[in-house]
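Report on one structure; see the data block that follows.
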Ligand code: G6P
Ligand code: MG
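Dropping the structure here:
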């Protein structure tokens with residue numbers, strides 16, 4: 002049977018990773034905490050709650066649970082202001098082409114994202130119809146690097162993990178895919194995503210031949 006293909010969203014399909022970074026950094030600065038793009042790697046693939054916990058830990062700060070909720074909401078509103086500007090033109094290079102190709106070849110396709118905004122963003126990008134299953138931050142209880150999100154996605158696609166391929170830009174996500182016994186394809190820097198079975202800077206770096214090898 003055809004390999005099941007699972008895509009992460011942020012930083013793989015669309016470059017929202019930079020918006021998460023900007024929105025978190027704005028908020029952190031308000032709390033008197035600063036962090037760099039390097040530290041931000043640790044927030045990629047990580048849930049909203051866990052991200053704020055990490056930022057607070059970096060700054061040695063604590064918040065009441067009300068403030069915590071308030072700040073998360075503020076971050077999300079700020080983030081969505083960036084997201085609202087996105088159009089189909091912001092889909093990362095070659096992603097649309099590969100989705101179309103996989104669809105043509107009748108591969109089962111799923112989204113496996115930690116984001117609670119995933120459905121909204123797919124819709125805005127007009128990509129929803131490519132996905133046979135969507136597992137996002139609303140369905141998952143254990144965040145990446147726990148494999149839950151990808152295992153659920155494979156289950157919905159009726160595929161066994163060994164027959165699934167995951168495209169991921171985060172360390173936590175690559176670890177989740179590996180733990181799920183799936184083929185992990187890192188999208189980003191080799192120095193960051195070294196644990197993945199394959200790493201490419203972006204989809205334009207994957208030749209037709211290699212893409213077919215990986216997905217077949
Ligand atoms: C993705 C991103 C993270 C983000 C998380 C939750 O995994 O890589 O940076 O924190 O989703 O996103 P949300 O849109 O629910 O805040
Ligand atoms: Mg990501």
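Residue numbers (UniProt numbering): 2 to 217.
For every residue, glycine included, the Cβ atom is placed at its ideal position computed from N, Cα and C.
| Top-ranked residue by Cα proximity to residue 4, from 90, 108, 210 | 108
| field | Closest by C-alpha distance to residue 285, when choosing among 137, 110, 128 | value | A question about residue 285 goes unanswered here, because the residues of the chain that appear run from 2 up to 217.
| query | Using the C-alpha atoms, what's the distance from residue 47 back to residue 116? | reply | 9 Å
| said: For residue 100, report the span of its alpha helix (DSSP H) as first-last. | reply: 96 to 105
| request: State yes or no: is the C-beta of residue 52 nearer than 7 Å to some heavy atom of the ligand MG? | output: no
| Contact set, the ligand G6P heavy atom to C-beta under 5 Å | 11, 21, 45, 46, 49, 52, 115, 116, 117, 118, 138
| task | Use the C-beta contact count for residue 113: other C-beta atoms within 10 angstroms, 16 or more gives buried, fewer gives exposed. | result | buried
| request: Kindly indicate which three-state DSSP category residue 190 falls into: helix, strand or coil? | output: coil
| message | If distances are taken between C-alpha atoms only, which option among 179, 65, 96 comes closest to residue 195? | response | 179
| task | Tell whether a beta-carbon distance below 8 Å holds between residue 219 and residue 28. | result | The structure shown has nothing for residue 219, since the chain only spans 2 to 217.
| message | One question on the structure: do residue 135 and residue 14 come within less than 8 Å of each other, judged by their Cβ atoms? | response | no
| Nearest CA to the CA of residue 7: which residue from 65, 87, 100? | 100
| said: So, under 8 Å CB-CB, residue 11 and residue 94 are touching, yes? Tell me the CB distance rounded to an integer number of Å. | reply: About 16 Å; that fails the 8 Å criterion.
| said: Using only the alpha-carbon positions, how far apart do residue 251 and residue 163 sit? | reply: Coverage of the chain is limited to positions 2 through 217, which leaves residue 251 absent and any answer about it impossible.
| said: My output table needs one value for residue 33: the three-state DSSP class, helix, strand or coil. | reply: coil
| request: Look at the alpha carbon of residue 197 and the alpha carbon of residue 191, and state the distance between them as a whole number of angstroms. | output: 9 Å
| query | If you run the structure through DSSP and keep just helix, strand and coil, what is residue 13? | reply | coil
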